[in-house]
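Engineer:
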Amino acid sequence: MGSCGSRSTRTKLDPPKKRSEVPDVLVPEFFSKKLWLQRLSTETIGGNVGPSSIVYLLDGYEAVLRHDPFEVYVRKKGGNRIVSMNSHGLFDFEQLREKNGEDWQERFKGHTDTRPFGPQSISFDVSFYDADHVYGIPERATSFALKPTRGPGVEESEPYRLFNLDVFEYIHDSPFGLYGSVPLMISHGKASGTSGFFWLNAAEMQIDVLGTGWDAESGISPPTSQNRIDTHWMSEAGIVDAFFFVGPGPKDVIGQYTSVTGTPAMPQLFAVAYHQCRWNYRDEEDVEQVDAMFDEHDIPYDVLWLDIEHTDGKRYFTWDRTLFPHPEEMQRKLAGKGRHMVTIVDPHIKRVDSYFLHKQATEKRYYVRDNTGKDYDGWCWPGSSSYLDMLRPEVRSWWAEKFSIENYVGSTPSLYIWNDMNEPSVFNGPENTL
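Numbered per the numbering used here, the sequence shown spans residues 31 to 464.
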């Protein structure tokens, strides 16, 4: 807890199988912040008196943890609530159990999820007070303000889904998830300003936004005169590791969120200019002609991109030396005009013994493995492919080294990288992913 808001974690002690927790997301400085319990108190809610822990935050806010029944909320000091968790008593989780035969197995498009440790889902409700709209939980093709998915007057709908998928053709105006997922929701109201909620959980997630008049009062939190938007968060696995951001403005919430997860690097000036990209420019002559035509028609541009066909048979960090025999010279010609080049690097690695990346990754046991312990073998642009286990710090460091000018043969200081298909995309996988 700190000036940005508060953090709440909840997990089971000494389970037979440890639940998944997300590593390497929070900035190191976050863990060095000390938390001091200000006081134990009692809160009278709905006529019931119960013990609570209260922590004062900066700028006149406080976080309240009710012990029994469990509830967490952030409010203005002694005043109205801003964000709350489990005010409707929807906190629930499935306990790990012994598997018998094919218990809990699911089959989808020829693939079987064996669920060796059984169902591990976890859920809770979050309420945003005095909110007119909620936003966030990207990515999907729908309205900026999230529409209700349940409640009176809501047409048949599904919850908003967070699951990383490489979706070429998508459904318009749908809660279906596309590409990346960020379980961050931001609320805004004319009367209250802006607040936010972030669940640090990488598992597949479903989130219902509940329309006005939705009734799930459980007695944990009393009826209130404050307008609010209720949401129901459901995840396939993981723990509760939740962050509350008090705002009070949009800029404040984003600042509070990035104080926890880190800020992106400022883009270089050329990176926010016009980029020219196609699948695919055929060869160096094609690149030179495209560049010349921009000049001829007096169209400014700063960056030219090369897709997968520039490589030697879909081997990333290589060049097709027949089509691109002089990559350094090609880049220098563009750089002489103040322009840059971008080449694509995908996460799938072609499974051929002659490819140096595959050879090294196999020897070091850096690939994701299947449930038998073998290197996972999926199908993507190169054909048979394997995928690096990016949850391991040593694998990430090894991969990062490949982008240096010294290691990326044919690169120059004016060459930049297009990191693509990081869902990751697997053409023969369930829903085109791992």
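Using N, Cα and C, we set each Cβ at its ideal position, and we do this for glycine too.
Would His370 pass as a contact of Phe354 if the rule is Cβ separation under 8 Å?
Structural biologist: The sequence position of residue 370 within the sequence shown is 340, counting from 1. The sequence position of residue 354 within the sequence shown is 324, counting from 1. Going by C-beta atoms, His370 is not nearer than 8 Å to Phe354.
Engineer: Checking the sheet assignment: what are the DSSP bridge partners for Ile259?
Structural biologist: Here residue 259 refers to the residue found at position 229 when the sequence shown is read from its first residue. Bridge partners of Ile259: Phe158.
Engineer: How many Å lie between Leu56 and Val290 at the Cα?
Structural biologist: Position 26 of the sequence shown holds residue 56. Position 260 of the sequence shown holds residue 290. Leu56 and Val290: Cα-Cα distance of roughly 6 Å.
Engineer: Hey, could you find the ends of the alpha helix (DSSP H) Ser427 is sitting in?
Structural biologist: Counted from its first residue, the sequence shown places residue 427 at position 397. 423 to 431 is the extent of the alpha helix (DSSP H) around Ser427.
Engineer: If distances are taken between C-alpha atoms only, which option among Pro168, Leu334, Pro189, Lys367 comes closest to Asn310?
Structural biologist: For the purposes of this step, residue 310 is identified with residue 280 of the sequence shown, where counting begins at 1. Ranking Pro168, Leu334, Pro189, Lys367 by Cα distance to Asn310 puts Leu334 first.
Engineer: In the DSSP assignment, what residue or residues form a beta bridge with Leu95?
Structural biologist: Taking the sequence shown and counting its residues from 1, the one referred to as residue 95 is at position 65. Ser83, Val102, per the DSSP bridge assignment.
Engineer: Take Arg381 and list the residues in its own chain whose beta-carbon comes closer than 7 Å to its own, dropping the five residues that flank it on each side.
Structural biologist: For the purposes of this step, residue 381 is identified with residue 351 of the sequence shown, where counting begins at 1. Cβ within range, chain order: His388, Asp407, Ser414, Ser415, Ser416.
Engineer: Distance, Cα to Cα, Ser248 vs Leu120?
Structural biologist: Translated into positions along the sequence shown, residue 248 becomes position 218. Translated into positions along the sequence shown, residue 120 becomes position 90. Low confidence applies here, because Ser248 scores a pLDDT of 49, under 50, leaving its location unreliable and the question unanswered by this model.
Engineer: Which residues bound the beta strand (DSSP E) around Arg111?
Structural biologist: For the purposes of this step, residue 111 is taken as the residue at position 81 of the sequence shown. Note, Arg111: beta strand (DSSP E), 111 to 115.
Engineer: On the premise that Asn462 lies in contact with Thr282, defined as a C-beta separation below 8 Å, what is that separation, rounded to the nearest angstrom?
Structural biologist: Along the sequence shown, one-based indexing puts residue 282 at 252. Along the sequence shown, one-based indexing puts residue 462 at 432. The amino acid at residue 282 is misidentified as Thr; the sequence shows Asp. No, Asp282 and Asn462 are not in contact; Cβ-Cβ is about 38 Å, not under 8 Å.
Engineer: Can you check whether the CB of Thr261 is closer than 8 Å to the CB of Asp155?
Structural biologist: One-based indexing of the sequence shown puts residue 155 at position 125. One-based indexing of the sequence shown puts residue 261 at position 231. Contact flag set, yes.
Engineer: What is the DSSP secondary structure of Phe206, reduced to helix, strand or coil?
Structural biologist: Here residue 206 refers to the residue found at position 176 when the sequence shown is read from its first residue. Coil, per DSSP.
Engineer: Which runs of the alpha helix (DSSP H) at least 4 residues long sit entirely within the segment 263 to 313? Give them in chain order.
Structural biologist: Runs found: 280 to 291.
Engineer: Which of the three DSSP states is assigned to His356 in this structure?
Structural biologist: The residue you call residue 356 lines up with position 326 of the sequence shown. Coil.
Engineer: May I ask which residues mark the beginning and end of the beta strand (DSSP E) holding Lys380?
Structural biologist: Counting from 1 along the sequence shown, the entry for residue 380 is found at position 350. 378 to 380 is the span of the beta strand (DSSP E), which, as asked, contains Lys380.
Engineer: Residues bridged to Thr179 by DSSP?
Structural biologist: Along the sequence shown, read from residue 1 onward, the residue named residue 179 stands at position 149. In DSSP, Thr179 forms no bridge with anything.
Engineer: Between the Cα of Val270 and the Cα atoms of Tyr304, Ala232, Arg170, Gln286, which residue gives the shortest distance?
Structural biologist: Taking the first residue of the sequence shown as position 1, residue 270 is located at position 240. Measuring from the Cα of Val270, the nearest candidate turns out to be Ala232.
Engineer: Where do the ends of the alpha helix (DSSP H) carrying Glu185 lie?
Structural biologist: Against the sequence shown, residue 185 aligns to sequence position 155. From DSSP, Glu185 is part of no alpha helix (DSSP H); its letter is neither H nor E.
Engineer: Suppose the cutoff is 6 Å on Cβ atoms and the five residues either side in sequence are ignored; what does the same chain contact list for Phe412 look like?
Structural biologist: Residue 412 sits at position 382 when you count from the first residue of the sequence shown. According to the sequence as given, residue 412 is Pro; it is not Phe. Once the five neighbours on either side are set aside, the close Cβ partners of Pro412 are Lys344, Lys380.
Engineer: Please work out which residues of its chain come closer than 6 Å, Cβ to Cβ, to Val52, disregarding the five sequence neighbours upstream and downstream, and give them in chain order.
Structural biologist: Within the sequence shown, numbered from 1, the residue matching residue 52 stands at position 22. Leu230, Ala232.
Engineer: Quick check on Asn231: does DSSP put it in helix, strand or coil?
Structural biologist: In the sequence shown, the residue the question calls residue 231 occupies position 201. It is coil, neither helix nor strand.
Engineer: Looking at the strands, I want to know which residues DSSP matches up with His370.
Structural biologist: For the purposes of this step, residue 370 is taken as residue 340 along the sequence shown, with counting starting at 1. Bridge partners of His370: Val333.
Engineer: With Gln298 and Tyr331 assumed to form a contact (beta carbons below 8 Å), what rounded beta-carbon distance in angstroms separates them?
Structural biologist: On the sequence shown, residue 298 is found 268 positions in, with the first residue counted as 1. On the sequence shown, residue 331 is found 301 positions in, with the first residue counted as 1. Contact doesn't hold; Cβ gap of about 15 Å is too wide.
Engineer: Please name the residue, chosen from Glu266, Ile237, Gly241, Lys48, that lies closest to Phe123 on a Cα-to-Cα basis.
Structural biologist: Here residue 123 refers to the residue found at position 93 when the sequence shown is read from its first residue. Minimum Cα distance to Phe123 is reached at Glu266.
Engineer: Under 8 Å, do Met264 and Ser151 count as touching if we go by C-beta distance?
Structural biologist: Translated into positions along the sequence shown, residue 264 becomes position 234. Translated into positions along the sequence shown, residue 151 becomes position 121. For Met264 and Ser151, yes; Cβs fall inside 8 Å.
Engineer: Relative to the C-alpha of Asp376, which candidate in Ile112, Ile216, Val302, Met451 has its C-alpha closest?
Structural biologist: Taking the first residue of the sequence shown as 1, we reach residue 376 at position 346. Looking at the Cα atoms, Met451 is the closest of the given residues.
Engineer: Find the nearest neighbour of Gly219 within the set Arg180, Ile259, Gly285, Glu453, judged by alpha-carbon distance.
Structural biologist: Numbered from 1 along the sequence shown, position 189 holds the residue referred to as residue 219. Considering only alpha carbons, the answer is Ile259.
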